[in-house]
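Residue numbers (my numbering): 114 to 467.
C-beta atoms are modelled at their ideal positions from N, C-alpha and C, and glycine is treated no differently.
Keep in mind that this is a model prediction, so the values were computed, not measured.
Heads up, the thing below is written out as structure tokens.
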């Protein structure tokens with residue numbers, strides 16, 4: 114059953130147009146919209162939430178909203194549910210759900226009490242998935258899921274049309290796939306001694322690319338997203354356990370890795386998502402982190418880094434997801450926290466579903 118969030122939880126959509134301000138990029142107009150009002154935290158009550166994804170087909174946004182209440186004895190009660198935003202209307206999934214992925218009009222998530230995975234569609238509502246399945250990503254059209262079946266922990270599970278297929282790496286390592294594109298190419302990470310290494314399976318999953326071996330230093334790495342151009346975005350760790358974002362394009366072979374610099378010297382960067390057209394979002398800071406704020410940023414297709422624009426009344430805290438030129442994340446909006454949708458950053462932005 115789908116229910117609507119109460120008016121106290123969902124603010125009316127607020128559009129902020131900077132008609133008199135210079136455009137952030139390419140002459141586009143900037144708009145910020147509030148998706149979910151998270152309120153102002155108090156010692157006994159606070160709300161939290163995250164954006165799980167932006168549907169690259171419909172531009173709907175999915176995520177999870179959580180309310181925590183603390184009683185006089187200090188006991189905390191947490192209530193969560195997934196949500197889907199569509200053109201200013203927010204639909205809440207049942208209490209106890211957490212939405213994890215959205216694409217092609219399909220969303221996946223879990224029941225928090227049991228860990229049971231489910232699939233959601235606008236017409237069919239919630240459908241339980243087979244036990245022991247966990248989705249880690251969806252193809253852009255929502256037809257194929259990537260994840261694992263805990264009965265087969267050494268291989269990746271590919272879910273399509275109600276059927277499970279399995280894919281392993283040539284080295285028989287424990288593997289986790291995080292992203293699958295329309296062609297079936299996969300990116301993720303695999304076990305390598307005491308580390309994990311980013312990888313890609315491309316060209317009909319016949320070619321294995323050990324991206325971690327191409328990155329500087331003998332360190333762990335994670336691949337977050339692979340797009341239709343086979344570009345992989347992710348991050349690696351240095352010897353001090355700081356993260357550094359990267360993109361990898363197989364067309365350039367061993368020279369295909371580009372490290373993503375941030376806004377500061379001695380940069381620390383973290384990649385959180387990549388769009389189909391090669392834009393990347395994440396966070397930028399520097400060492401020592403006590404001297405530098407953590408800033409949400411966007412990298413363009415050339416790897417140039419820019420912070421999110423300044424908009425009156427908004428303080429952007431994170432840039433978690435990107436698709437079709439839309440960025441979504443968390444912010445302070447006036448005197449309260451909110452999940453936001455920001456458009457107008459990128460000139461090529463698609464208009465489907467706006």
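It is roughly 33 Å from the alpha-carbon of residue 410 to the alpha-carbon of residue 282.
Going by DSSP, residue 336 is part of the beta strand (DSSP E) stretching over 334–339.
For residue 324, the enclosing alpha helix (DSSP H) starts and ends at 324–327. DSSP, read as helix, strand or coil, puts residue 365 in helix. Taking the Cβ atoms as the reference, residue 268 lies roughly 29 Å from residue 433, outside the contact range of under 8 Å.
Bounds of the beta strand (DSSP E) holding residue 350 are 345–350. A straight-line Cα-Cα distance of about 7 Å links residue 386 and residue 395.
Between residue 443 and residue 452, the CB-CB gap stays under 7 Å. For residue 402, the three-state secondary structure derived from DSSP is helix. If you check the CB distance, residue 339 and residue 355 do not come in under 7 Å. Counting along the chain, residue 296 sits inside no beta strand (DSSP E), nor does DSSP assign it H or E at all. Pairing residue 210 with residue 228 gives a Cβ-Cβ distance that is not under 7 Å. Rounded to whole angstroms, the separation of the alpha carbons of residue 259 and residue 373 is 26 Å.
Contact between residue 305 and residue 286 holds, since their C-beta atoms are separated by about 7 Å, short of 8 Å. DSSP places residue 386 in the uninterrupted beta strand (DSSP E) bounded by 380–387. Listed as beta-bridge partners of residue 270 by DSSP are 260 and 279.
Between residue 143 and residue 435 the beta-carbon gap is near 15 Å, outside 8 Å, which marks them as no contact. Shown here, residue 353 sits in coil according to DSSP, grouped into three states, outside any helix or strand. Going by beta carbons, residue 150 and residue 173 fall outside the 7 Å limit. Residue 158: member of the beta strand (DSSP E) spanning 158–167, first to last residue. Distance from the CA of residue 398 to the CA of residue 429, rounded to the nearest whole angstrom, comes to 14 Å. A straight line joining the alpha-carbon of residue 353 with that of residue 239 spans about 43 Å. Distance from the CA of residue 324 to the CA of residue 216, rounded to the nearest whole angstrom, comes to 26 Å.
In this structure the stretch 325–337 touches the stretch 302–317; the number of beta carbon pairs closer than 8 Å is three or more. CA-to-CA, the gap between residue 180 and residue 145 works out to about 24 Å. For residue 449, the enclosing beta strand (DSSP E) has its first and last residue at 449–456.
Bridge pairing for residue 206: absent [DSSP].
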